[in-house]
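Quick notes on the structure that follows.
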Amino acid sequence: MEGASTKGILSHLSLLEVQVRSLTTQRQQPSRVKELQEKTAALRRQKEQLEAEIQTHRDLQTLRASLDKRHDDDEEDEEEMEEDSENSDVLRLMARHTQLKDLLNAHTIGGYDFTKTRRGKGLCVSIATAFEGVYLETFTLEFDVKPALRLVRHDVPPFIPLTLLIEQSRIQTDIRTLLDPLSRQLNGFTARKRQLQLLKRLHETVKVMESNLLCSLIILMFELPVEKKVVLCSLHYCDTSRSLPTRVSFQCDDTALPDFPEWKKTLLETPLHKALSTIRNTGNIL
Amino acid sequence: MDESKKRLVQRLMRKIPTKMLKTTLEKWGRLTGEQQRAMDSIQSKWALTENLLAICEENELAVKHLTELEMIYMIDNPDQGMWYAFQLTDPGDDAQSVDLTQFKEQFKSHLRELVREVSIKIKKHTDEAVWIRIAWGDASSHPDHLKPTYVVHYLQTPYVFVTRLTSKQKPMLSQAMVLSTRYQYFKDANLSGRNLTAIRDLLMRKYQQVFPTKYPSPLTERKQTVTNPHVEREQAKPAANRLQMACEAFGGGTLPQLQSAVYKLETKFRDHTNTLMTEREEPFRCVVKFSSTNLLESLKNCASSGIASTPVTPLLSSIPLKGKNYFVITDNGPGPSSQMRQTQN
């Protein structure tokens, strides 16, 4: 403490302060050690758990491999595996589950149903269509696989531009470049057809004046009860992959009548039969 | 009443069977209730014709009204004479958006530009088919209503079905059709038959096709005449297989009714024992024609019963597959007329 006298009282005080601080940290040390020990234990547990999981996964993979092998060797001859561990049943079930899931994925690539035909020389693809949760028609295409993928036959109606869709796709490298747009077209078509059917069934007072096979143009006629006027409503579905119209227009002899902006909005945004119910419920048409 | 109108009425009455007359006249809707009742009470065809002539005079009905009556009868009973299928190819960008009003106007104006004396009537049927009746005339004569051409077309599809068209009239119909549907070409689809619905269903793929999918639809036609259970068991699988193959080739359910299939062979004669014929430079020309009241059904039956081998030869399965019943078969090598190359089996 000789330096203290020479350097003054203040610096001595600060030195003392430092010493006090270091003493307190030293007193805190044991709790810190305990904390770290707990952390180690937790990590170790986690490690064990991961190791166990890895082991299970490995077991599953071996099981799955043997399952696949046996499946390839002989589909009918499936004898029971002899394993003593209590989890073997669960493991076996899990392996079978993953196997089936893979199979399902392989066969229905993105919602399309694929079938190998003519001993691997052909390929059949089914495209199911649906509207508002109801399954509608299913369309099928049959391809030759070799030497190049080529469409042999199909039951797609002639007003769906199939040839054009094939030309626009990269069918040899990715069949989905054909199937996705085709599926959209078919879904759009069946959905429009369904709406027209529902319209005829549900709204007998609304007369369908004009429609076509593709259901891309629908002209309706209905009456305004108050004004006693007949209105023609044209729905144009310029995007044939969609189920809703792209353009709606009204025609009436009485030019004084407004352009029905709310009706337009409803018809552009909701399916035809529902839109007409909405309009009818507001009491605007018969 | 002028002579042509009189002849048209007589011809119509000859064509329409008495039992169909009532409904046809009702659909026509040109007769008063009393006139209709009067027609119903008459039995003889001759008296009916005379009565209708009198009604035409009384109601001042013109030729265009009578052609309307003819169209109504024709649409309901299209299976008269041969129908020929044509295909429109190379659609333009706006081919998908042609609507009926547009088509009607354009078809009429294009055809009238080509033939001055022509009478055209267009009517849309409930199944979306557009029916066109064309009565042709030329520079020196009025349209001949006794020999009209009938054309059936579904908008937005490339198919056109025609009956009673002469080769002289074909180029004019072709041009009017191409221009008003926004396609480039109008060509023969090599398919014909007496049954319009059949050739339409075949081309528009409206018949039930059978695909080898994972979950085959249950095939209902299963004839079991074999009584021995062992024989039955032995034969059941090949029989089911043959039926599946036959259905995949020709279709399931009721098949489109075709009357014939023609194969025109222009191939070399192959027979080692007959050098005279084999060495000939010229191809051996012959025509093979299959006829039946229901050709596809017969062929399917041949395949499913084992008379014809399965898988079905492409020569036969091409009828539904390509929607044709006229084929020109040449030896390998692309020729202008080769619709199908010869297969070796």
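Chains Z and U, in that order, give the protein sequences. If you're matching positions, the first sequence starts at 1 in UniProt numbering and goes up one per residue. If you're matching positions, the second sequence starts at 1 in UniProt numbering and goes up one per residue. For each residue, glycine too, the CB sits at the ideal point set by N, CA and C.
Per DSSP, reduced to three states, the secondary structure at Met245(U) is helical.
Sequence-ordered contacts of the stretch 142 to 161 of chain Z with chain U read Glu142, Val152, Arg153, His154, Asp155, Val156, Pro157, Pro158, Phe159, Pro161 [C-beta pairs closer than 9 Å]. Secondary structure note for Asp40(U): its alpha helix (DSSP H) is the uninterrupted segment 33 to 41. Tyr154(U) belongs to the set of residues whose beta carbon lies under 8 Å from a beta carbon in chain Z.
Spatial neighbours of Leu114(U) in its own chain (CB-CB distance under 6 Å, excluding positions within 5 residues in sequence) are listed in chain order as Met172. Cβ proximity to chain Z below 7 Å picks out Met204, Arg205 from the stretch 182 to 208 of chain U. By the criterion of at least three beta-carbon pairs nearer than 8 Å, the stretch 259 to 272 of chain Z is not in contact with the stretch 107 to 123 of chain U.
Distance from the CA atom of Asp76(U) to the CA atom of Phe131(Z), rounded to whole angstroms, is 34 Å. Contact annotation: in the stretch 62 to 88 of chain U, no residue has its CB less than 7 Å from a CB in chain Z. Taking 8 Å as the threshold, the shortest C-beta distance from Leu182(Z) to chain U does not fall below it.
The stretch 93 to 100 of chain U makes contact with the stretch 203 to 223 of chain Z, as at least three CB pairs between them are under 8 Å. At a cut-off of 8 Å between C-beta atoms, Leu321(U) counts as an interface residue with respect to chain Z. Assignment of Ser234(Z) by DSSP, reduced to helix, strand and coil, places it in the strand class.
Rounded to the nearest angstrom, the Cβ distance from Leu321(U) to Leu295(U) is 14 Å, too far for a contact under 8 Å. For Gln195(Z), the enclosing alpha helix (DSSP H) stretches over residues 176 to 202.
DSSP, reduced to helix, strand and coil, places Lys274(Z) within a helical segment of the structure shown. Residues of the same chain with a CB within less than 7 Å of the CB of His65(U), apart from the 5 flanking positions on each side, are Arg30 in chain order.
Taking a beta-carbon distance threshold of 8 Å, Glu128(U) counts as an interface residue toward chain Z.
The beta carbon of Phe327(U) sits closer than 8 Å to the beta carbons of Asn190, Ala261, Val262, Tyr263, Lys264, Leu315, Ser318, Gln339, Met340 from its chain, once the five residues preceding and following it are set aside; these are given in chain order.
Each of Glu51(Z), Thr129(Z), Ala65(Z) was checked against the Cα of Thr98(Z), and the nearest Cα belongs to Ala65(Z). Val152(Z) sits in a strand when the DSSP states are folded into three classes. According to DSSP, Phe186(U) shares a beta bridge with Leu88(U). Taking C-beta separations shorter than 7 Å and ignoring five residues to either side along the sequence, the partners of Ile42(U) in its chain run Leu48, Asn51, following chain order. Using a Cβ-Cβ cut-off of 8 Å, Asp99(U) counts as an interface residue toward chain Z, since at least one Cβ of chain Z sits closer than that to its own. Of all alpha-carbon atoms in Arg242(Z), Lys200(Z), Met221(Z), Thr240(Z), the one lying nearest the alpha-carbon of Ser249(Z) is that of Met221(Z). Among the bridge pairs identified by DSSP, Met221(Z) is matched with Lys207(Z), Leu232(Z).
With its beta carbon at least 8 Å from every one in chain U, Thr266(Z) lies outside the interface. Bounds of the beta strand (DSSP E) holding Ile120(U) are 118 to 124. Secondary structure in the stretch 23 to 60 of chain Z: no beta strand (DSSP E) run of 3 residues or longer lies completely within the stretch. Per DSSP, Leu276(U) is one residue of the alpha helix (DSSP H) stretching across 275 to 278. Contact with chain U is found for Thr115(Z), since one of that chain's Cβ atoms lies less than 8 Å from the residue's Cβ.
Taken atom to atom, the span from the alpha-carbon of Gly253(U) to that of Gln244(U) is near 12 Å.
Within chain U, the C-beta atoms nearer than 7 Å to that of Ser126(Z) come from Thr213, in chain order.
The CB of Leu217(Z) comes closer than 7 Å to the CB of Asp99 in chain U, given here in chain order.
Sequence-distant Cβ neighbours of Thr89(U) in its own chain, meaning closer than 7 Å and more than five residues away, are Pro158, Tyr183, Gln184, Tyr185, Lys187. Taking the Cα positions, Glu58(U) is about 54 Å away from Phe250(U).
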